[in-house]
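Engineer: Below you will find the structure I want to go over with you.
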Amino acid sequence: MTLGERQGDEKNDSKYCGVETEFNDDMPLLLSLNIHGGFDFVVAPLMDPAYRPSLLVSSNGGSGVLPFAGSDLVLSPSQWSSHVVGKISSWLDLDSEDEMLRRDSEITLKQEIAWASHLSLQACLLPAPKGVTCANYARCVNQILQNLSNMQLWLRIPLEKSDDDDDGGRSPNSMGEEHRDSWEMWNSFRTLSEHHSQLSVALDVLSSLPSVNSLARWFGEPVRAAIINSNSFLTNARGYPCLSKRHQNLVTQFFNHSIQIVLSGQQMRNLPTGTSGSNSHNNNNQSEVIEGMQRHPLRSYLDYIAYLYQKMDPLPEQERFELGYRDYLQSPLQPLMDNLEAQTYETFEKDTTKYIQYQRAVAKALVDRVPDEQASSITTVLMVVGAGRGPLVRASLQAAEETGRKLKVYAVEKNPNAIVTLHSLVKIEGWEKIVTIVSSDMRCWDAPEKADILVSELLGSFGDNELSPECLDGAQRFLKEDGISIPSSYTSFFQPVTASRLYNDIKSHKDLLHFETAYVVKLHRVARLTSPQPVFTFNHPEDLTKKSNHRYKKLRFEMPTDTGSALVHGFAGYFDSVLYKDVHLGIEPSTATPNMFSWFPIFFPLRTPMCVQPGVPIEVHIWRCCGTSKVWYEWGVTSPSSSPIHNCNGRSYWVGL
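The structure is reproduced here in structure tokens:
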């Protein structure tokens, strides 16, 4: 039974909830009790916890049958695959100083993973590293990963951080006597394991939580599951389990990031009689007792998690549209070298918010340009450069109608296919006397007259990355001295991020080119480590006699002190533009235009992820370079350590002029 359905996000894996169990050699009974108890899968030990290879060898010469929890035939292949996550023996200590324990641990780990692979399990839960070092554990896991087919390995990590967090006391941890940030344990392990894409995290959520900033780091990491023990729950006024507000918010974030909840432990308190725990939260859940079976001891906890899932708001329409693009790397458009296809035009044209903002900007410009008393006698010349299939032409004419101003429009477009659509649009709308269609590159066109207003939508995810400056420089010659450009300015922004999934996707190509390419991507499984900072600003119209579009900027970021260490996989890029006066358009998170989907952020990767310690600044340098036939970016880090300069001379990624 799933936790429920969230409208607009029906494919979210976090609606499946699991339960951690003890060893039971009757796997069909174990699975039946828990599935009928309301859970979707079990995290169950595959091997008798009393098993030690050294004892087996000494007793019978090593010829005995391994004490697994039943044969592969006791469940169907689909049951093993869909309803069982293997739990690797918790006694394993692959970095123990006791040589026999270490060797037993290595042998058992490989035996259990081999059995899980034979069963075609989708995942196995690895025990948390026992001490402050985990080199041998990570080495053995990495050896296994080299030959593992599709199974995921979830490394159990306690969700805790040092005493200086703002949340007060902490629970005992499994990292040895020296307390440290558990994220560092994970970072050490995954680095030793070469950032393998099949190695992920199962977070052990404890009764006290680290700071908000510390927690936020994990959403850029490959977290697959969150294990919540029953002792992390509180009791509400009616005697049923519930979570603190901070835990509730965290669980909701887990749901939003497709992280599955696994419940663990025992029923902590006797529940009130006569009412099911589910009824205190949600009347739609199954009744307290399944026919002929006792109620699952963790059912009230499950009902509460289901209640949290079901009370989430439906996914907004914009996010539903963006679901398929989440963390999907796309190469930026080459608008001058390539002609856009009809499907691309159609996607952009559906973004009504963008064109409403353009219409507002044109309307304000028209009112400023022509006083009310001259509205009927003055005709404003407006040029749409890069008219596409006409949405800006329509927005401009609607602004003229709204303000009662007269307009003469030139629609300049280089794509001959879009020109066909423009001619059809003008004919259908009856704009022949108002709109003149020009089939030409704006940089080459000789305008018959100068424009009062120049309108364009040439902005990219990083503002200038689709060559808006170069295009508008070429078009500026037919703008009047006191003419208005819409947009009038735009600024790019940079922000360090943890983005493990994006890094692994790029790494899978096994070449330099992909690490030196900036990608357009709907960022989802990322951790934004600091606030964005401005990079390059372009203004239009500009004094072209003094202007160069080459740019350089050095930025210094400082993470909040309570974040702890973090891994920087690259930098997210955004833009904010002033269309006209107080009308703006942008995707910079703090000022982003709501309900707009024409632009996703851009991602500048680092070839080698950089670990940043608390109190150490991140210094990054970025250049916008201009050649005779192309424009490109170069970027590199100089603190906390130096990286190579990426994309030297635009060898991997550029935008053609």
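Residue numbers for the sequence shown follow my numbering, so the first one is 579 and each next one is one higher.
The beta carbon of each residue, even a glycine, is placed where N, CA and C say it ideally should be.
What three-state label does DSSP hand TRP1023 in the structure shown?
Structural biologist: In the structure shown, TRP1023 sits in coil (DSSP, three-state: anything other than H, G, I, E or B).
Engineer: For GLN937, which option in GLU919, LEU907, GLU980 and LEU1050 has the closest C-alpha, if you only look at C-alpha atoms?
Structural biologist: GLU980
Engineer: I'd like to know whether the C-beta atoms of PRO969 and TYR933 end up nearer to each other than 7 angstroms.
Structural biologist: yes
Engineer: By how many angstroms is the C-alpha of THR930 removed from the C-alpha of GLN952?
Structural biologist: Computed Cα separation, rounded: 31 angstroms.
Engineer: How would you label GLU1027, buried or exposed, when you count the other beta carbons within 10 angstroms and need 16 or more for buried?
Structural biologist: exposed
Engineer: Taking all protein chains shown into account, do 16 or more other C-beta atoms lie within 10 angstroms of the C-beta of LEU1184, making it buried, or fewer, making it exposed?
Structural biologist: buried
Engineer: Classify ALA701 as helix, strand or coil using the three-state DSSP reduction.
Structural biologist: strand
Engineer: Would VAL998 be called buried (16 or more neighbouring beta carbons within 10 Å of its own) or exposed?
Structural biologist: Using a 10 angstroms sphere on the CB of VAL998, the tally of other CB atoms stays under 16, which defines it as exposed.
Engineer: If you measure between the beta carbons of LEU581 and LYS593, is that distance less than 7 angstroms?
Structural biologist: yes
Engineer: Based on the DSSP secondary-structure assignment, which residues constitute the bridge partners of VAL1033?
Structural biologist: Under DSSP, VAL1033 forms a beta bridge with VAL962 and ILE1064.
Engineer: Assign VAL1104 to one of two classes, buried (16 or more other C-beta atoms within 10 Å of its C-beta) or exposed (fewer than that).
Structural biologist: buried
Engineer: Report the three-state DSSP secondary structure of PRO623 (helix, strand or coil).
Structural biologist: strand
Engineer: Around the Cβ of TYR1231, are there at least 16 other Cβ atoms within 10 angstroms (buried) or fewer (exposed)?
Structural biologist: The residue is buried, with at least 16 neighbouring Cβ atoms inside 10 Å.
Engineer: Of the residues LEU704, ILE613 and SER1046, which one's Cα is nearest the Cα of TRP669?
Structural biologist: LEU704
Engineer: How many Å lie between PRO1172 and GLN935 at the Cα?
Structural biologist: 11 angstroms
Engineer: Considering only C-alpha positions, which residue in the set SER810, GLU927 and THR830 is nearest to GLN888?
Structural biologist: THR830
Engineer: With DSSP run on the structure shown, which of helix, strand or coil describes PRO819?
Structural biologist: strand
Engineer: Can you name, in chain order, every residue of its own chain whose Cβ lies under 8 angstroms from the Cβ of VAL1194, other than the five neighbours on each side?
Structural biologist: SER1217 and PRO1218
Engineer: Please classify VAL663: does DSSP put it in a helix, a strand, or coil?
Structural biologist: Looking at VAL663 - three-state DSSP - the assignment turns out to be strand.
Engineer: Please state the DSSP three-state secondary structure of HIS1224.
Structural biologist: strand
Engineer: My parser needs the alpha helix (DSSP H) runs of 4 or more residues fully inside the stretch 821-851; what are they?
Structural biologist: 823-834
Engineer: Could you pull the start and end residues of the alpha helix (DSSP H) that ASN612 belongs to?
Structural biologist: 605-614
Engineer: Nearest to VAL940 by CA position, among TRP1213, MET678 and ILE1062, is which residue?
Structural biologist: ILE1062
Engineer: Please state the DSSP three-state secondary structure of GLU799.
Structural biologist: coil
Engineer: Counting pairs of Cβ atoms below 8 angstroms between the stretch 1097-1113 and the stretch 1060-1075, do you hit three or more?
Structural biologist: yes
Engineer: Which residues bound the alpha helix (DSSP H) around ARG898?
Structural biologist: 895-900
Engineer: Note down, in chain order, each residue of its chain lying with its Cβ closer than 7 angstroms to the Cβ of PRO1119, except the 5 sequence neighbours on either side.
Structural biologist: Excluding sequence neighbours, PRO1119 sits near GLN1054, LEU1057, GLY1061 and SER1063.
Engineer: Starting from MET678, trace the alpha helix (DSSP H) in both directions and tell me its first and last residue.
Structural biologist: That run of the alpha helix (DSSP H) goes 677-696.
Engineer: Going by DSSP in three states, CYS1204 sits in which element: helix, strand or coil?
Structural biologist: Shown here, CYS1204 sits in a strand according to DSSP, grouped into three states.
Engineer: For my contact list, ASP1030 and THR958 are in at a C-beta cut-off of 8 angstroms; report their separation, rounded to the angstrom.
Structural biologist: 5 angstroms
Engineer: Is the Cβ-Cβ distance between SER1034 and GLY964 less than 7 angstroms?
Structural biologist: In this structure, GLY964 lies closer than 7 angstroms to SER1034 by Cβ.
Engineer: Can you name, in chain order, every residue of its own chain whose Cβ lies under 6 angstroms from the Cβ of LEU1236, other than the five neighbours on each side?
Structural biologist: What the structure shows of the chain is the stretch from 579 to 1235, and residue 1236 is not part of that stretch, so it cannot be assessed.
Engineer: Report yes if the CB atom of VAL987 is closer than 7 angstroms to the CB atom of TRP1023, and no otherwise.
Structural biologist: no
Engineer: Out of curiosity, what's the CA-to-CA distance linking SER822 and ARG877?
Structural biologist: Rounded to whole angstroms, SER822 to ARG877 spans 19 angstroms at the Cα level.
Engineer: Just to check my reading of the structure: SER1178 and VAL1099 have Cβ atoms closer than 8 angstroms, yes? What is that Cβ distance to the nearest angstrom?
Structural biologist: The question names Ser, yet the displayed sequence has Phe at residue 1178. Yes, PHE1178 and VAL1099 are in contact; Cβ-Cβ is about 6 angstroms, under 8 angstroms.
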